[in-house]
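**Q** The structure's right below; bear with me while I get my questions together.
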Amino acid sequence: MQNGYKTKSRSYIMEFFTAHKEQIVSAADIHHYLEENGKQVNLATIYRNLDKMTDEGILLKYKTAKDEHAVYQYTDGHPECHEHLHLQCVRCGRVIHLECGFMKDIRAHLEEHHGFALECSSSVLYGMCRECKEMESGSHEKNHE
């Protein structure tokens with residue numbers, strides 16, 4: 001799947017994604033990171049590379065619910081990203097891949113009972129990851145002492 005032309009800009013963008021594997025990010029996030037690290041890549045070039053990488057299956061592209069901006073997720077190590085839901089922590093931004101047999105049950109239920117065919121590649125459920133919940137409950141316990 002990875003058959004794109006290798007440019008310096010593309011390699012910078014890939015460096016970013018390999019360092020942020022479990023996050024969903026915007027083009028602006030990438031641009032800001034590259035600028036902070038002394039790597040000058042204009043925003044149009046970033047968008048062009050993101051589109052190519054999405055077409056090649058390297059990235060998934062989502063629209064945010066709040067403002068309809070595009071955000072991207074690296075699919076490294078998760079070749080079935082198009083077949084499962086993604087869970088994103090609203091506190092730390094971490095993305096969890098719901099890679100379990102439960103996905104078949106969810107899809108079957110939605111189809112059978114609601115006549116709905118789930119499109120997983122653009123589906124993100126928002127909530128709080130275990131680590132953030134534990135941190136939050138630990139801080140609440142301290143506040144109640």
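Residue 85 in the working numbering sits at position 85 of the sequence shown, and the numbers go up by one each step.
All residues carry an ideal CB built from backbone N, CA and C; glycine is no exception.
Being a predicted model, the structure only gives us computed values, none of them experimental.
1. Could you compute how far the alpha carbon of residue 137 sits from the alpha carbon of residue 128?
2. Quick one: is residue 110 buried, meaning 16 or more other Cβ sit within 10 Å of its Cβ, or exposed?
3. Where residue 24 and residue 59 are concerned, what is the direct C-alpha to C-alpha distance, given to the nearest angstrom?
4. So residue 88 packs on residue 126, CB below 8 Å; how close in whole Å?
5. Using only the alpha-carbon positions, how far apart do residue 135 and residue 76 sit?
6. Taking 8 Å as the threshold, find out whether the stretch 40-53 comes into contact with the stretch 111-120 through three or more Cβ pairs.
7. Going by DSSP, which residues form a beta bridge with residue 70?
8. With 16 other CB atoms within 10 Å as the buried threshold, where does residue 85 fall?
9. Indicate whether residue 43 and residue 32 have their beta-carbon atoms separated by less than 8 Å.
10. From residue 12 to residue 34, what distance separates their C-alpha atoms?
**A** A quick look at the data gives this:
1. 12 Å
2. exposed
3. 10 Å
4. 5 Å
5. Approximately 28 Å between the Cα atoms of the pair.
6. no
7. 63
8. buried
9. no
10. Between residue 12 and residue 34, the C-alpha separation is close to 7 Å.
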